[in-house]
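Asker:
There are 2 protein chains.
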Amino acid sequence: MEKINSVAILGGTHGNEFSGIYLLKKWHKHSEQISRPTLNVETLLANPKAFAANKRYLDADLNRQFRTDLLADPTLGNYEQSRAKALSLYLGSKEQPKFDFVLDLHNTTSNMGPCLLLVQQHPMYNLMAGYVKLKMPQVNISRDEDHKSKDEHHLLATMGKFGVIVEVGPQPQGCLRHDVLAWMEELTGHILDFLELYNNDQLPELPKSVEAYRFIEEVKIPLDENGERAGMVHQALEGNDFKPLKKGDPMYITFDDEVIPYQGEQTVYPNFINEAAYYDNNLAMSLSEKVTIDVYSTQ
Amino acid sequence: MEKINSVAILGGTHGNEFSGIYLLKKWHKHSEQISRPTLNVETLLANPKAFAANKRYLDADLNRQFRTDLLADPTLGNYEQSRAKALSLYLGSKEQPKFDFVLDLHNTTSNMGPCLLLVQQHPMYNLMAGYVKLKMPQVNISRDEDHKSKDEHHLLATMGKFGVIVEVGPQPQGCLRHDVLAWMEELTGHILDFLELYNNDQLPELPKSVEAYRFIEEVKIPLDENGERAGMVHQALEGNDFKPLKKGDPMYITFDDEVIPYQGEQTVYPNFINEAAYYDNNLAMSLSEKVTIDVYSTQ
């Protein structure tokens, strides 16, 4: 079994997601809170200009810039495209990562609670999912784009040998909630504890399987003939991230007061419901299906 | 009794407060929803460039530009200072307003529910408070800066002969919640109904007195020696807008995990708790005291 010794924790990949940014400040002062005997942990503010501007990004979403071909193209020169290349100097290439583990901290305006987003596949992630659910049962575990090769992946969390995203909400952009920060702090602590126990081959007995949600697709808000939003998420669905949405359930309401129900045959589990950052692209939410992670699987 | 016939409804005074902006769009298509026999109602998007940029403002807070001396100073020329002068051409001067009533629609990220903010004094507002509480008991009525003369007032809502602010939350910036929009729509409808009944001298019997909250002061988040925020609103207070805060109750928690209690002798009723727009100035919340409005008072 490979050891996982070097860890980079990044916050502020989106400049108006404050929990990670202020946790970095906290850990800068209280580094003992993230130190573990077998780990060398570093922290970095990923998008300092976006934080200074209190925006998600200046020119482009930083967390969509880490595909290998994009990093290799020097003509892509806006701020986040440049910052991604600077981060890849620090983190190493995907082929030769300098860190064994990259932890990327995010917030959402959606009512998703504390979430562990798995974006790659490896038996280690299955064990981590089991450990996190054992220690913090309210964590929602999500699998997204984990079929992609690392080179194809555009997420910062794929710049380590291993990596995950911690995503916690609900928190308005540019705002800091105590409960949301505390969830992120606790979940990050469990992940570091897991890595320590994993390195020492001292994991406790874990649940054999845990529940997770696998991304299916993003869906758009209803638009009018001019391409402008013609409605919003129905209040019966608002805040119900990771709860079942069945055929016929209210999904949207238009500005003509028409209720639009969910029309799919498959019961789905939406998340990122009404996420403010997705308004640019008129996205309303992501749909997921419930899956089971076999904790001791070798896949 | 003066009649109130001309009404201007403004939305998007802050460009990332979406409920009013999308209600204007809705009413543009369904104007019957805001028409009343004795009223001539117009609507206007107050800060179109801030809405296009999905920001509260471009250069300065538009809702702080309506003092008479500021409007008279042509050297104050940034975007919002200019837009305020453009709006004063449309709405008339404070001395000679073109509208009998100005209704300004706002959102907050705080858990304030539907609120009616009274920023001037007149017996008509007391009757309106009684009518609104009769029809929609969950409305919180707030009195703020109502001792100021109109000329001294910097709020857009003071540009009519009469005027109020409708403030509804919680809603993240740049986001549209069905429940929050519905509250704003209902409260606006009750205000228009009230004006119609007031004009016709047909108000129903109102409660003799209603509860309200009078602004005392804004308070700052704890800051460190560098003037940076050293903590956040404690989770025991988060979301408890308009609920009592007593001496010794947890108010803040620092990044050193120290709980800072409220130390005032007077029990207060905070609102705008952890409002994202107030981070620029490190404000944590406003404190109010509970007061009673005598609905039939002639003051």
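Chains as they are written, first to last, in the working numbering: chain A, 1 to 299; chain B, 1001 to 1299.
Every residue gets a Cβ at the ideal spot worked out from N, C-alpha and C, and that includes glycine.
Only a predicted model underlies this, so the values are computations on that prediction, with no experimental measurement involved.
(1) Could you tell me the alpha carbon to alpha carbon distance between Glu265 of chain A and Lys246 of chain A, rounded to whole angstroms?
(2) Is Asp1256 of chain B close to chain A, meaning its C-beta is less than 9 Å from at least one C-beta of that chain?
(3) Locate the beta strand (DSSP E) running through Asn1199 of chain B, then write down its first and last residues.
(4) In whole angstroms, what separates the C-alpha of Ser209 of chain A from that of His1028 of chain B?
(5) List the endpoints of the continuous alpha helix (DSSP H) containing Lys220 of chain A.
(6) Count the other CB atoms within 10 Å of the CB of Tyr125 of chain A; is the residue buried (16 or more) or exposed (fewer)?
(7) Contact defined as beta carbons within less than 8 Å: I believe Asn1078 of chain B pairs with Ala1060 of chain B. What is the distance between those atoms, to the nearest angstrom?
(8) Skipping 5 residues on each side, what residues in its chain have a beta carbon closer than 8 Å to that of Tyr197 of chain A?
(9) Can you list the residues of chain B that Glu211 of chain A reaches, using a CB-CB cut of under 7 Å?
(10) How long is the line joining the alpha carbons of Ile1293 of chain B and Asn1199 of chain B, rounded to whole angstroms?
(11) Could I get the ranges of all uninterrupted beta strand (DSSP E) runs contained in the stretch 229–265 of chain A, with 3 residues as the minimum, in chain order?
(12) Does the Cβ-Cβ distance between Lys1026 of chain B and Glu1145 of chain B come in under 9 Å?
(13) Check whether chain A comes within 9 Å of Gly1174 of chain B, counting only Cβ atoms and requiring the distance to be less than that.
(14) Please report how far the alpha carbon of Leu71 of chain A lies from the alpha carbon of Pro1244 of chain B, in whole angstroms.
(15) Using the DSSP secondary-structure output, state which residues sit across from Met285 of chain A in a beta bridge.
(16) DSSP has Leu1104 of chain B in a bridge; who is on the other side?
(17) Measuring CB atoms only, is the stretch 94–102 of chain A touching the stretch 115–123 of chain A, in the sense that at least three cross pairs come out at less than 8 Å?
(18) Leaving out five residues on either side along the sequence, give the residues of the same chain with a beta carbon under 7 Å from the beta carbon of Glu1152 of chain B.
(19) Assign Gly163 of chain A to one of two classes, buried (16 or more other C-beta atoms within 10 Å of its C-beta) or exposed (fewer than that).
(20) How far does the alpha helix (DSSP H) with Val1268 of chain B in it extend, from its first residue to its last?
(21) Measuring only the C-alpha atoms, how far is Pro1123 of chain B from Asp1201 of chain B?
(22) Using a beta-carbon distance below 9 Å, is Pro1270 of chain B in contact with chain A?
(23) Cβ of Val268 of chain A within 9 Å of Cβ of Leu287 of chain A?
(24) How many Å lie between Ile141 of chain A and Pro1222 of chain B at the Cα?
(25) Anything in the stretch 1102–1116 of chain B with a Cβ closer than 9 Å to a Cβ of chain A? List those residues in chain order, please.
(26) In this structure, does DSSP put Val132 of chain A in helix, strand or coil?
(27) According to a CB-to-CB cut-off of less than 9 Å, which residues of the stretch 1058–1082 of chain B neighbour chain A?
(28) In whole angstroms, what separates the C-alpha of Trp183 of chain A from that of Glu1275 of chain B?
(29) Under 9 Å, Cβ to Cβ, is there at least one residue of chain A near Glu1238 of chain B?
(30) Between B:Ile1191, B:Thr1075 and B:Ala1008, which lies nearest to Met1136 of chain B when the distance is taken from Cα to Cα?
(31) Which complete beta strand (DSSP E) runs does the stretch 1042–1128 of chain B hold, if anything under 3 residues is left out?
(32) Which chain A residues sit within Cβ distance under 8 Å of Met1232 of chain B?
(33) Using a C-beta cutoff of 9 Å, does Gln1235 of chain B count as contacting chain A?
(34) Going along chain A, which residues have a C-beta under 8 Å from Ala1276 of chain B?
(35) Quick test of the definition: if touching needs 3 or more C-beta pairs under 8 Å, does the stretch 1166–1185 of chain B touch the stretch 1248–1263 of chain B?
(36) In the DSSP assignment, find the alpha helix (DSSP H) that holds Leu142 of chain A and state where it starts and stops.
Answerer: A quick look at the data gives this:
(1) When rounded, the distance between both Cα atoms is 8 Å.
(2) Interface residue, yes.
(3) In this chain, Asn1199 of chain B is not harboured by any beta strand (DSSP E); it is covered by the alpha helix (DSSP H) spanning His1178 to Asn1199.
(4) For Ser209 of chain A and His1028 of chain B, the gap between their C-alpha atoms comes out near 54 Å.
(5) Lys220 of chain A -> not in any alpha helix (DSSP H); beta strand (DSSP E) instead, spanning Ser209 to Lys220.
(6) Tyr125 of chain A counts as buried, since at least 16 other C-beta atoms from the protein chains shown sit within 10 angstroms of its C-beta.
(7) With 8 Å as the limit, Asn1078 of chain B and Ala1060 of chain B qualify as a contact, their Cβ atoms being about 6 Å apart.
(8) Note that residue 197 of chain A is Leu in the sequence shown here, rather than Tyr. Excluding five sequence positions before and after Leu197 of chain A, the CB atoms of its chain that fall closer than 8 Å to its own CB belong to Tyr131, Leu203 and Pro204, given in chain order.
(9) For Glu211 of chain A, none of the residues of chain B pass the 7 Å Cβ criterion, the least Cβ distance being about 27 Å.
(10) If I take the Cα positions, the gap works out to 21 Å.
(11) Within the stretch 229–265 of chain A, the complete beta strand (DSSP E) runs of at least 3 residues are 231–233, 250–254 and 259–261.
(12) If you check the CB distance, Lys1026 of chain B and Glu1145 of chain B do not come in under 9 Å.
(13) So yes, Gly1174 of chain B belongs to the interface.
(14) Approximately 54 Å between the Cα atoms of the pair.
(15) Beta bridge pairing from DSSP links Met285 of chain A with A:Val219.
(16) First, the amino acid is wrong: residue 1104 of chain B is Asp here, not Leu. Note: Asp1104 of chain B sits in a beta bridge opposite B:Leu1010 and B:Ile1165.
(17) The stretch 94–102 of chain A and the stretch 115–123 of chain A do not touch, with fewer than 3 CB-CB distances between them shorter than 8 Å.
(18) Excluding residues within five positions, the ones whose Cβ falls inside 7 Å are Arg1067.
(19) Label assigned to Gly163 of chain A: buried.
(20) Counting along the chain, Val1268 of chain B falls outside any alpha helix (DSSP H), and DSSP gives it neither H nor E.
(21) When rounded, the separation of the alpha-carbon atoms in Pro1123 of chain B and Asp1201 of chain B is 14 Å.
(22) Closer than 9 Å to the CB of Pro1270 of chain B there is not a single CB belonging to chain A.
(23) Pairing Val268 of chain A with Leu287 of chain A gives a Cβ-Cβ distance under 9 Å.
(24) When rounded, the distance between both Cα atoms is 35 Å.
(25) For the stretch 1102–1116 of chain B, which is checked against every Cβ of chain A, the residues closer than 9 Å are Thr1109.
(26) Of the three classes helix, strand and coil, the one that applies to Val132 of chain A here is helix, per DSSP.
(27) Residues of the stretch 1058–1082 of chain B whose Cβ lies closer than 9 Å to any Cβ of chain A: none.
(28) The alpha-carbon atoms of Trp183 of chain A and Glu1275 of chain B are separated by roughly 20 Å.
(29) Using beta-carbon distances, Glu1238 of chain B counts as an interface residue toward chain A, with a partner under 9 Å.
(30) Among B:Ile1191, B:Thr1075 and B:Ala1008, the Cα nearest to that of Met1136 of chain B is on B:Ile1191.
(31) If you keep only unbroken beta strand (DSSP E) runs of at least 3 residues inside the stretch 1042–1128 of chain B, you get 1101–1107 and 1113–1118.
(32) Per Cβ cutoff of 8 Å: Tyr22, Leu176, Arg177, His178 and Leu181.
(33) Yes - at least one Cβ of chain A is within 9 Å of the one on Gln1235 of chain B.
(34) Pro172, Gln173, Gly174 and Cys175, listed in chain order.
(35) They do not touch, by the three-pair rule.
(36) Note that residue 142 of chain A is Ser in the sequence shown, not Leu. Under the DSSP assignment, Ser142 of chain A falls outside any alpha helix (DSSP H), being part of the beta strand (DSSP E) whose first and last residues are Asn140 to Arg143.
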